[in-house]
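Heads up: the protein sequence lines correspond to chains A and B, in order.
Under my numbering, the residues of the first sequence are numbered 167 to 520, in order.
Under my numbering, the residues of the second sequence are numbered 167 to 520, in order.
Heads up, the beta-carbon is just placed ideally off N, CA and C, and yes, glycines get one too.
To start, the structure under review is shown below, and the notes come after it.
There are 2 protein chains.
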Amino acid sequence: MKHNFGAGPCILPQEVFEQAAAAVLDFNGLSILEVSHRHKDFVAVMDEALDLVKKALHVPAGYSVAYLQGGATLGFTIAALTMQRDHRKAGYINTGTWASGAIKEAKKVGIEVDVFASSEDQQFSYIPKNYTIPTDIDYVHFTSNNTIYGTQFKQIPQTTYPLVCDMSSDIFSQEINVADYDLIYAGAQKNLGPAGATLYIVKDEVLGKSSANFLPTYLDLKQHVEKESMLNTPPVFSVYVAMLNLRHLLAHGGVAAQAQKNEAKAKLLYDAIDQLDAFKGNVATEDRSLMNVTFALTDESRGAEFDALWKGAGIVGLPGHRSVGGYRASLYNALPLESVQVLVDVMKEFNRKG
Amino acid sequence: MKHNFGAGPCILPQEVFEQAAAAVLDFNGLSILEVSHRHKDFVAVMDEALDLVKKALHVPAGYSVAYLQGGATLGFTIAALTMQRDHRKAGYINTGTWASGAIKEAKKVGIEVDVFASSEDQQFSYIPKNYTIPTDIDYVHFTSNNTIYGTQFKQIPQTTYPLVCDMSSDIFSQEINVADYDLIYAGAQKNLGPAGATLYIVKDEVLGKSSANFLPTYLDLKQHVEKESMLNTPPVFSVYVAMLNLRHLLAHGGVAAQAQKNEAKAKLLYDAIDQLDAFKGNVATEDRSLMNVTFALTDESRGAEFDALWKGAGIVGLPGHRSVGGYRASLYNALPLESVQVLVDVMKEFNRKG
């Protein structure tokens, strides 16, 4: 039994793995890997995968859902192209590596980016709160959860401009009000499904209004929505497994019930970090992520000792991102509380020995 | 037992399905769906998946291989951006729907497209042969196999300009001389692996020389090559299954042996079409595709009768593309000769009853 604290691609429910494996061998008499995306059986899968997103997040009327490819990295570009209007100017909040990537790609498509808030001055260890949103912009962009640093917005930016969010690492982990956003995008490989699919939730009225000089078909979200995510061959297996995972989520109480479990997991681990002298958290307490818990040893010279302990307990995926070091325990939806307890027990043992 | 003649996503070897299903349950103690793309075990998979492409196609020194996402549709754009030089002009051969798509996307990124050869005048039922390639162009683009119409280039265009090819539907089906090309791209979902990955083979010296005004990071092939297909989270499972499939191909004689099997399958079916009065081929004999065999009934009023026969024999995926009608038998690498024999037997029975 391994306890997978990896930051993504990450753990999914065991039941989903079993159903996915079964479909690779037999999906209505074929392998799910050899079924045509135009076959009615897969069209039904896509329809359900789109519909379950709407159910899980209570997506209101006037919004559409689409599955694309390319991850959030291509999403940075698609978001900027979709939301670009006559100002060709946008406000971005810089809370770390992925937010910086979004800024870089917006600039590459000709948008003047006003980074009106940033936590770069303190190694992205907090979420900026006191800022003035610029005027005459096309939209405001932020990254809801910062996987690498372990911070998370607890309150979304308050603005009358269209709000755009990269929600890759916390979508489906807590309830959101989709009506607050004009565009949400998220790589699948945290709480949605395997790598290879990227989810978009978009307010219909923003589609078709881009002022971009350059809009290749694959980057035109309107066409993906109109073709019901079948503009070209979709990532069939990734969408199928996302559908299985959404079924699992909804069968177990949906996002509201999942959010309670996520809070309990995070509390268990943050309490250990705060109570055990051998550990310290990396980020501002009020901005701590419920998905990615980053921490360090008080005495870094004991690293090898700690590593041996957690590895011995069957834990994998605990090292921090290579750009920051330390430790990162990702507590995505499918990670059970029991796995967190195993980690906390290891931490207590390590603390006693110190 | 079903005989899958679908045009893609399509059949892969049964052994590959079994290995893929096993890895969804257990890949070194985790599911392949939850393993980090940065884990050494998956880095080894990616390295092997890249290396096996080089082995299978005898890719010479000075070329690189990369896996991206987005299918050939995004490939149309990436190819045009990668190959765009100061002329901002390119020559395209139009042999059908996908070639037309490539032309459309090249125009969208600001390239002046000279369609110097086209078979649109006869519903794309042949491959143009007598044409003059324009001068002062950046590259020549063609589509090696036309899945929808059932035509295939038997000789590549002869030019001193850089040659670019969308090889989605016949790559790995026959030997090619990679050195003839500056850029090859191909959606995985025919002879390579499941939908969700797109293969690029590029001459290193063309990278970094684009004259595009607009080059988002995800569309910059140079960066994908430099990051060894790990620019962002790759489509882990699709790449894994592609690796399994390439292992299978090389263990069974490689592309040369596969090409012989493909020729035998195509001959068996085309001979039946030519010899049985009840059937007729759709395209010029000399341009017939070895991958996608299109045909029609001499007496269209007998369609329901024929459909009942092949469906009764366990055949799936035989209807022609919705844009052309008739029938299309796709004979991709993994389709066994025995399946073609089942179809031919059905055709003979139908012919006798006529």
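**OP:** Let me know if A186 of chain B comes out buried or exposed under the rule of 16 or more other beta-carbons within 10 Å of its beta-carbon.
**Re:** buried
Subject >> Paired residues, beta bridge with G257 of chain A - DSSP >> reply: According to DSSP, G257 of chain A shares a beta bridge with A:D280 and A:V306.
Original post:
Given that H147 of chain B touches chain A, what residues does it touch there, using C-beta distances under 8 Å?
Top reply: Summary: the structure shown does not reach residue 147 of chain B, with chain B confined to residues 167 through 520, and so no result is reported for it.
Subject >> Cβ contact (3+ pairs, closer than 8 Å) linking the stretch 226-246 of chain A and the stretch 339-353 of chain A >> reply: yes
**OP:** Flag this pair as yes or no: are the beta carbons of I177 of chain A and L501 of chain A separated by less than 8 Å?
**Re:** yes
**OP:** Return the bridge partner residues of D332 of chain A from the DSSP annotation.
**Re:** A:T309 and A:Y351
Original post:
Which runs of the alpha helix (DSSP H) spanning at least 4 residues fall entirely within the stretch 341-403 of chain B, listed in chain order?
Top reply: 387-392
Original post:
Which whole-angstrom value describes the C-beta separation of V402 of chain B and V182 of chain B, a residue pair presumed to lie in contact below a C-beta threshold of 8 Å?
Top reply: V402 of chain B to V182 of chain B, Cβ: 16 Å. No contact.
Subject >> Beta-carbon separation (whole angstroms), V235 of chain B vs T364 of chain B, contact threshold 8 Å >> reply: It is Gln, not Val, that sits at residue 235 of chain B in the sequence shown. Right, their Cβ atoms sit about 6 Å apart.
Subject >> DSSP-derived helix/strand/coil call for R468 of chain B >> reply: Collapsing the DSSP output to three states places R468 of chain B in a helix.
Subject >> Any chain A beta carbon closer than 8 Å to F171 of chain B >> reply: no
Original post:
Per DSSP, what kind of secondary structure is T326 of chain A in: helix, strand or coil?
Top reply: Under the three-state reduction of DSSP, T326 of chain A is assigned to coil, being neither helix nor strand.
Subject >> Outcome for A417 of chain A when other beta-carbon atoms lying within 10 angstroms are tallied against a minimum of 16 >> reply: exposed
**OP:** Note down the Cα distance separating L497 of chain A from K393 of chain B, rounded to an integer number of angstroms.
**Re:** 28 Å
**OP:** Show which residues of chain A have a CB atom less than 8 Å away from the CB atom of K168 of chain B.
**Re:** G195 and L196
Original post:
Apart from the five residues on each side of it in sequence, which residues of its chain come closer than 7 Å, Cβ to Cβ, to N357 of chain A?
Top reply: I337, F338, S339, Y498 and N499
**OP:** Check the DSSP bridge columns for H169 of chain A and list the partner residues they point to.
**Re:** A:I481
**OP:** Taking N398 of chain A as the query, report the chain B residues whose CB atoms sit under 7 Å from its CB, ordered along the chain.
**Re:** G237 and T239
**OP:** Answer with yes or no whether the minimum CB distance from P401 of chain B to chain A is below 8 Å.
**Re:** yes
Original post:
In chain order, what residues of the same chain have a beta carbon less than 8 Å from the beta carbon of F445 of chain A, not counting five sequence neighbours either side?
Top reply: A438, I439, F461, A462, L463, T464, M513 and N517
Subject >> Contacts that A423 of chain B makes with chain A (C-beta to C-beta distance below 7 Å) >> reply: Residues of chain A passing the Cβ test: none, with the nearest at roughly 22 Å.
Subject >> Nearest to A352 of chain B (by Cα), restricted to the options B:Q441, B:S334, B:V225 and B:V201 >> reply: B:S334
Original post:
Shortest alpha-carbon distance to S489 of chain B belongs to which of B:G362, B:K320 and B:Q289?
Top reply: The candidate whose alpha carbon is nearest that of S489 of chain B is B:Q289.
Original post:
Over what stretch of residues does the alpha helix (DSSP H) that includes V506 of chain B continue unbroken?
Top reply: L503 to K519
Original post:
Between A430 of chain B and chain A, is there a C-beta pair that is closer than 8 Å?
Top reply: no
Original post:
From what residue to what residue does the beta strand (DSSP E) around K446 of chain B run?
Top reply: F445 to G447
Original post:
Comparing the C-beta of Y292 of chain A with each C-beta of chain B, is any distance below 8 Å?
Top reply: no
**OP:** Give the secondary structure of N458 of chain A by DSSP, where H, G and I count as helix, E and B as strand, and everything else as coil.
**Re:** N458 of chain A: strand per DSSP, three-state reduction.
Subject >> Continuous alpha helix (DSSP H) assignments of at least 4 residues falling wholly in the stretch 196-281 of chain B >> reply: If we require 4 residues or more, the alpha helix (DSSP H) runs fully inside the stretch 196-281 of chain B come out as 206-223, 237-249 and 263-274.
**OP:** Taking only beta carbons into account, state which residues of the stretch 332-355 of chain A come closer than 7 Å to chain B, listed in chain order.
**Re:** G353 and Q355
**OP:** Specify whether the stretch 210-221 of chain A and the stretch 312-332 of chain A touch according to this definition: at least 3 beta carbon pairs, one from each stretch, less than 8 Å apart.
**Re:** no
Subject >> Straight-line gap, Q424 of chain A to L199 of chain B (C-alpha atoms, nearest Å) >> reply: 21 Å
Subject >> Within chain B, partners of Y384 of chain A - CB distance below 7 Å >> reply: G236, T239, L240 and T243
**OP:** Measure the CB-CB distance between V482 of chain A and F171 of chain A and report whether it falls below 8 Å.
**Re:** Yes, the pair counts as a contact, with Cβ atoms nearer than the cut-off.
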